[in-house]
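Enquirer: Residue numbers (this note's numbering): 33 to 152. Here you go, one structure.
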């Protein structure tokens, strides 16, 4: 069964999506000081790079062009995540965050595509 098999890459992908939304649900006043504005975009790129890699790993054999689908999904999820943040006290959406998310998901998905092409 899908939800009982913790080795299933789809579990890791959807779990990471939930983790991103959970992190976005932390009110602004409760954010740790380590997440200063200067590191914010780098954290977005790193977070969404992991998402892109997990997405490619989970779906590389399910679609003819998984790279395109994962990148589109990741950018749309970044938009949803920023919209979600607009409803959290002390958090504000930013198109720069969506841009950083897009760069991250592209980097992660492309890295995943190279890793999985070499392993075939």
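Ideal Cβ positions, reconstructed from N, Cα and C, are used throughout, including at glycine. Model, not experiment: these values are computed from the prediction.
Within 10 Å of its beta-carbon, does residue 124 have 16 or more other beta-carbons around it, so buried, or fewer, so exposed?
Expert: exposed
Enquirer: Within 8 Å, do at least three Cβ pairs link the stretch 137 to 146 to the stretch 113 to 127?
Expert: no
Enquirer: Could you tell me if residue 59 is buried or exposed, where buried requires 16 or more neighbouring beta carbons within 10 angstroms of its beta carbon?
Expert: exposed
Enquirer: Would DSSP call residue 126 helix, strand or coil?
Expert: coil
Enquirer: So, are the CB atoms of residue 75 and residue 45 less than 8 Å apart?
Expert: no
Enquirer: Output the distance between the C-alpha atoms of residue 119 and residue 78, rounded to the nearest integer angstrom.
Expert: 24 Å
Enquirer: Report the residue from 57, 71, 40, 82 whose alpha carbon sits nearest the alpha carbon of residue 48.
Expert: Among 57, 71, 40, 82, the Cα nearest to that of residue 48 is on 82.
Enquirer: Measuring straight from C-alpha to C-alpha, what distance separates residue 84 and residue 41?
Expert: 12 Å
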